[in-house]
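Down below is the structure, laid out as C-alpha cells.
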Amino acid sequence: MPTAHPRPGATLLTPSDHTLIMIDHQSQMAFATKTIDAVLLRNNAALVAKAAAVFGVATILTTVAEKTFSGPIFQEIKDALPEVPVTDRTTMNTWEDEAITTRVNAIGKARLVLAGLWTSVCIVGPALSALDQGFEVYILADCCGDVTEEAHERAMQRMIQLGARPMTSLQYLLELQRDWARGETYAETVATSIAHGGSYGLGLIYAKSMFGGGEGH
C-alpha cells in the first residue's frame, strides 16, 4: 500500500524547471490553420505568454522567414514578453537551428514546453529531436494548430507515443500557480484567467461581482 504525502508529483511543471519555446505564431502560418479558430489561437498564445511573464519562465521565441514570407510573431506575445528576443530561422525544424539549441543549452533546463504552428511540422520536428536527445517534452495542444484535424491529431499521437506530454494553455497557467496561497502571483494569475480563461474567467468575474468571492478564499 503506497503512502500519501502532501507534495506535488514529479511530472508537474514549476516555473523554474523548464524552458518554454513558442514557435512560428505568425500571420502566414495562422492563415492556413484550420484546427483552431484564429481568435482562440491568439487568445491562447497570449495566455501562455502572460503566464511565462508572470512566473518568470525562461522563454525562447522563434519565427520562420519573418521578413520574406511568414510575417511577424503575434503582437500579443511580444506585448507580454517585450524583453525576449525573437530568433528568426530558415529551418522548419527549430531544433536544427544552432542558435536555438545554443540558447536551450545556455538556459540549462531538461524540460521543454512547446507551442506553435504547425503541429505536424514545426512542433513535431523539435519535439522528436529533443526527446531523442534526452529532454522531457510537454506540448500545449491548444496553442498549436494545423492545416487539417487529421494532421494535428496524428502529430499529437506521434509525439505522445514517443513520450511527449500533452496539456492545455489554461492548464499550464494554473499548474504554475497551483496554490492560491501563493500571493506573489495570485493577482496576475486571476487577471490572466479573467482575460483569457474563457468560461472559467467569466466564473471568476461572477463570483467576485455577486458575492465578493475569489479563488482561495
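Take the position in the sequence shown, starting the count at 1, then add 501; the result is the number in this note's numbering. Every residue, glycine too, gets a C-beta built ideally from N, C-alpha and C. Keep in mind that this is a model prediction, so the values were computed, not measured.
- It is roughly 43 angstroms from the alpha-carbon of residue 703 to the alpha-carbon of residue 599.
- Non-local beta-carbon contacts of residue 550 in its own chain, meaning distances under 6 angstroms to residues more than five positions away in sequence, involve 578, 581, 582 in chain order.
- Taking a C-beta distance under 8 angstroms as the contact criterion, residue 608 and residue 559 qualify as a contact pair.
- Apart from sequence neighbours up to five positions away, the residues of its chain that approach residue 575 with a beta-carbon distance below 7 angstroms are 526, 543, 546, ordered along the chain.
- Closest option to residue 510, judged by alpha-carbon separation, among 708, 676, 564, 681: 676.
- Taking a C-beta distance under 8 angstroms as the contact criterion, residue 595 and residue 524 qualify as a contact pair.
- Counting along the chain, the unbroken beta strand (DSSP E) around residue 666 starts and ends at 666 to 668.
- Following the DSSP letters along the chain, one finds residue 699 inside the alpha helix (DSSP H) bounded by residues 699 to 712.
- Per the DSSP secondary-structure output, residue 527 pairs in a beta bridge with 574.
- Residue pairing by DSSP places residue 599 opposite no residue, since no beta bridge is assigned to it.
- Taking residue 538 as reference, the option from 645, 554, 638 with the minimal CA-CA separation is 645.
- Scanning its chain for C-beta atoms nearer than 6 angstroms, with the 5 sequence neighbours on each side dropped, one finds around residue 666 the residues 639, in chain order.
- Closest option to residue 568, judged by alpha-carbon separation, among 634, 680, 528: 528.
- Less than 8 angstroms divides the Cβ of residue 663 from the Cβ of residue 632.
- Counting only the Cα atoms, residue 604 lies some 12 angstroms from residue 585.
- For the options 556, 713, 593, the alpha carbon positioned closest to that of residue 564 is the one of 593.
- Each of 653, 634, 591 was checked against the Cα of residue 616, and the nearest Cα belongs to 653.
- Here DSSP, grouped into helix, strand and coil, assigns residue 659 to helix.
- Inter-residue distance for residue 701 and residue 694 is about 7 angstroms (C-alpha atoms, whole angstroms).
- The residue among 656, 548, 692, 555 with its C-alpha nearest the C-alpha of residue 669 is 548.
- Per DSSP, the continuous alpha helix (DSSP H) segment holding residue 633 begins and ends at 625 to 633.
- Per DSSP, residue 541 has no beta-bridge partner at all.
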